[in-house]
Every structure is written in C-alpha cells, then in structure tokens.
Amino acid sequence: MRRCDWANGSDIDAKYHDTEWGVPVHDDRKLFEMLCLEGAQAGLSWTTILRKRDGYLGAFQNFELDKVVTLTDADVETLVQNPDIVRHRLKIQSVIGNAKAVIEIQSEFGSFDAFIWSFVGGKPIINQWKKTEDVPTTTAESDAMSKALKKRGFKFVGSTICYAYMQGVGMVNDHLVDCFRYKEVCGLK
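If you read the sequence shown in the working numbering, its first letter stands for residue 52, the second for the next number, and so on.
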C-alpha cells in the first residue's frame, strides 16, 4: 500500500496519515486543537507533536475553549514544567490567547469553521501532486489566512504553519496522487 513519503517514518505518522491527515474538519474544538498543535510544532517535527498529543489534550482540557480561556499565569507556570507538552512559554501562552481570539471569531462569524474555511471558499482544494518535492509549504491562501489570524491577535500562525494546518484539517488534499488515501479523501467535504 503506497502512502505519502512523510508518513513512513513511524507508526504514529502512518496512523495519523491514514486516518486524519487531509480529512475535512468542521468542528470548532477540533479546528482549534489542530491550530494549537501546528503552532506547537514550529521548529520541531510533527512526530514529536503527535507523540505529545495526549499530553496536550490533558494539559489544555481537551482544547475546550471555555476552559482554556480561564487558564491563569499560575497555570502557565505549571504547564512550563509539564514534560508531556512542549515546554515553551510563548507557545503555551499562545494557546490561551488564541482561544480568546477564536471565541471572538465565533461571535462575529457564527463559528470558527465558517471563518477558517472561507480561505478556501468553503470547500477543499484538491491538488494533484506526483512528488513530495512538488508540494508547497505556503500558498496565497495560507498567506491570507496567516495575515488575517495575526491581525486578530493569533500567535504562531505564520504562513507555513497555516499551510500545514490547511493540509491537516482537509482544507487542501495534498496526498500524492498515487497514495492510497488520495481518492478516499477527494470525496470528502
């Protein structure tokens, strides 16, 4: 069974690729979780974040927005000592700040889903990459998303992070055309 090259490094990568990557997500809590995990990945490998994912779910109360926004400076101090997550103070603080920004977006747009999917016109972009080297790290859409999120106070949302996020939550299908998941994901909305 052929899968995208990046997913062959470990069992955790393969499982994520085979079950989640590229599948369209429309749940605000899950969209927030994935944005936070992508931000945490900055400068690290995605495998590292996948291995710490359960730690993140516990540390940030399953990424429930109403709970994350109540985290205090004392909670941040505790989280900086938590070996189950990336212990980077600014990344930890960004989760709390980004939660507040998501809540503001929800009140303005009705949902975070409506806002974030607007960058691709509400439906996945279906690419047809034949080689890993062809897959971009940024696009005009990820540039626009990054700019809009930064304007709203989000942190750790550069264009490269935004593009990886778009891939992860299915806003773009970047499975290689000979990957077994390509056609499966093409039919999802």
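Every residue, glycine too, gets a C-beta built ideally from N, C-alpha and C.
Item                                                                                                                                                 : Value
Let me confirm a value: Met217 is counted as buried when at least 16 other C-beta atoms fall within 10 Å, else exposed. Which label applies?         : buried
When burial is assigned at 16 or more other CB atoms within 10 Å of the CB, is Ala58 buried or exposed?                                              : buried
Nearest to Ile63 by alpha carbon, out of Ile167, Arg104, Ala125, Lys182?                                                                             : Arg104
Look at the Cβ atom of Ala152, then the Cβ atom of Leu116, and state whether they are nearer than 8 Å.                                               : no
What is the rounded straight-line gap between the Cα of Val146 and the Cα of Tyr233?                                                                 : 31 Å
Pick from Val127, Met85, Ile154: whose alpha carbon is nearest that of Asn113?                                                                       : Met85
Secondary structure at Val127, three-state DSSP: helix, strand or coil?                                                                              : helix
Based on Cα-Cα distance, which residue from Met52, Tyr214, Val119 lies nearest to Phe170?                                                            : Tyr214
Could you tell me if Phe160 is buried or exposed, where buried requires 16 or more neighbouring beta carbons within 10 angstroms of its beta carbon? : exposed
Using three-state DSSP, classify Asn178 as helix, strand or coil.                                                                                    : coil
Let me know the secondary structure DSSP gives Val186 once reduced to three states.                                                                  : coil
Determine the DSSP secondary structure at Asn224, reduced to helix, strand or coil.                                                                  : strand
Just the C-alpha distance for Phe207 and Asp126, rounded to the nearest angstrom, thanks.                                                            : 20 Å
What would DSSP say about Leu116, mapped onto helix, strand or coil?                                                                                 : helix
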